[in-house]
């Protein structure tokens with residue numbers, strides 16, 4: 002939740018305050034939030050991952066790239082249907098975030114089913 006809040010603050014600052022296009026705000030917020038989330042997750046949640054931090058981060062970025070692409074497409078669709086940017090971003094985050102978490106849990110951190 003804290004890194005998603007950071008993501009949304011960056012999105013708001015870049016789009017509403019500084020006037021950047023939503024694609025820039027969404028991308029920057031997501032990438033910064035993703036990076037912070039990786040290091041927090043790795044330190045506090047998945048510290049017993051079988052992957053090195055560098056390899057895990059590389060996988061995290063690849064999975065994040067798929068997530069970011071999905072977010073940009075889905076937010077764009079919802080905005081074209083008249084939904085507010087920030088409402089669309091929150092809505093899409095629930096769906097994509099869940100998939101992102103499960104993919105990292107089972108494929109990247111490789112700790113699912115193990116005693117932590």
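In our numbering, the protein residues as written are 2 to 117. The C-beta atom is built at its ideal place from N, Cα and C for all residues, glycine as well.
Point to revise | C-alpha gap between residue 92 and residue 6, whole angstroms | key: 14 angstroms
Review point. Between the C-alpha atoms of residue 11 and residue 18, what's the straight-line distance to the nearest angstrom?
Key: 10 angstroms
Check your understanding: Helix, strand or coil: how does DSSP classify residue 113 here?
Key -> Note on residue 113: pLDDT 49, under 50, position unreliable in the model; no value is reported.
Review point. So what does DSSP say about residue 92, is it helix, strand or coil?
Key: helix
Review point. Rounded to a whole number of angstroms, what is the C-alpha to C-alpha distance between residue 77 and residue 46?
Key: 32 angstroms
Review point. Is DSSP giving residue 83 helix, strand or coil here?
Key: coil
Review point. On the premise that residue 24 lies in contact with residue 90, defined as a C-beta separation below 8 angstroms, what is that separation, rounded to the nearest angstrom?
Key: Between residue 24 and residue 90 the Cβ distance is about 12 angstroms, and since that is not below 8 angstroms, they are no contact.
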